[in-house]
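Colleague: Letter by letter, the sequence shown follows residues -11 to 70 in this note's numbering.
Supplied in structure tokens, the structure appears directly below.
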Amino acid sequence: MSIPEAPPVLRGERVQRVHWVLGTDQLRAVCHCGAERLFDDPIELWEWLLGHPDDHRPPPGPPGPTAPLPRTPREPAVASAR
């Protein structure tokens, strides 16, 4: 048995993505314009995504350092012997 191929990724001017950040309760919103932001509340996330482009402008001033996202260790999949 083989692993099925992943479906094709949609692209375009209106494609927005929401990703769950593993090991957290946060959601990452990715707009079609390339803007990204982390949210704890899904309602705020959708308001931000649907508010494009008004809410996607970076705040004035130099960008600060960004902290890396936490990584959750993954265990390898083990096939059961029959």
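Just so it is clear, CB atoms sit at the ideal spot from N, CA and C, and this is done for glycine as well.
When burial is assigned at 16 or more other CB atoms within 10 Å of the CB, is Ser38 buried or exposed?
Modeller: Residue 38 sits at position 50 when you count from the first residue of the sequence shown. The sequence shown places Leu at residue 38, not Ser. Answer is exposed; the Cβ neighbour count stays below 16.
Colleague: Smallest Cα separation from Arg(-1): which of Ser(-10), Gly22, Asp28 and Ile(-9)?
Modeller: Taking the sequence shown and counting its residues from 1, one reaches residue -1 at position 11. Minimum Cα distance to Arg(-1) is reached at Gly22.
Colleague: Could you tell me how far apart the beta carbons of Ala17 and Val6 are, in whole angstroms, since I believe they sit closer than 8 Å?
Modeller: What you label residue 17 is simply residue 29 of the sequence shown in a count that begins at 1. What you label residue 6 is simply residue 18 of the sequence shown in a count that begins at 1. Rounded, the Cβ-Cβ distance is 6 Å, consistent with contact.
Colleague: Which term fits Leu33, buried or exposed, when burial requires 16 or more other beta carbons within 10 angstroms of its beta carbon?
Modeller: Position 45 of the sequence shown holds residue 33. That one is buried.
Colleague: Could you tell me which residues DSSP pairs with His149 in its beta bridges?
Modeller: Nothing about residue 149 can be read from this structure; the chain reaches only from -11 to 70.
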